[in-house]
Amino acid sequence: MDTEADTCRKQVVPRLVEAGWEQAPYAINEQRTFTDGRIVFVGGKARRGRQKRADFILRYRPDFPIAVVEAKSKYKHAADGLQQAREYAEILGLKFAYSTNGREIFEVDYTTGVEREIADYPSPEELWHRLSSAENLDATIKDHLLSPTYPDKSKPLRYYQEIAVNRSVQAVLQERKRILLTLCTGAGKTAVAFQISWKLWN
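Structure (structure tokens):
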């Protein structure tokens, strides 16, 4: 009996490759853990809850994720992973979520609010066009949003820092009068501020 891992390897990856997601500068991040798990107290002792791990995160650029894909085994309904895909997309600040059993694909497009079954995965350029049109991104905003952050392999940005940087850059370039970022102690505010400045400067 094929497992979820089999579905990913045999059916999902080839179809994503066919749609163009493996060609640079685009990327497919497989089995990407993006949270360490909530800290909970059991019997007076602290321990971590379950990590959150996306089957696939699709990136339009190395520093710009655009969609999440959740896969289920081929014996399940394609929509069985839709709630999880929605949850992960909302946590990661992504506008496109997909659930699949390898054969059928369900899409949630947060730019339109439409949920539907589709025949194939959209190409990177199609998703970018849909997103940039919905967000009214002009050429200048696109250039800065897609410009790379300062490379720091020893301390890559966490998902919430990536969201903060990209949203702030977009807000500044769209000339919004007020921007409020709320980050707790130890969340890397200095790194976020530096990367915002870096992307705007470059």
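Using my numbering, the letters of the sequence shown map in sequence onto residues 1151 to 1352. C-beta: ideal position from N, C-alpha, C; glycine also.
- Its chain contains A1228, E1267 as the residues whose beta carbon lies nearer than 7 Å to that of E1254, once the 5 sequence neighbours on both sides are disregarded; these appear in chain order.
- Taken atom to atom, the span from the alpha-carbon of P1298 to that of K1349 is near 7 Å.
- For S1347, the closest C-alpha among the options R1182, R1203, Y1300 is that of Y1300.
- The DSSP-derived three-state label of I1329 is coil.
- Taking a cut-off of 8 Å for Cβ pairs, the region 1151 to 1162 and the region 1277 to 1286 do not touch, as fewer than three such pairs fall below it.
- A check of alpha carbon separations from E1154 across K1195, V1219, I1291, G1194 identifies V1219 as the nearest.
- Relative to the Cα of V1264, the nearest Cα in the group F1256, C1334, D1270 belongs to F1256.
- As the crow flies, the alpha-carbon of L1323 is around 28 Å from that of I1178.
- Setting aside the 5 residues that flank it on each side, L1331 is surrounded in the same chain by A1314, each with a C-beta closer than 6 Å to its C-beta; the list follows chain order.
- Of the candidates L1281, G1338, R1328, W1278, G1338 places its Cα closest to the Cα of K1305.
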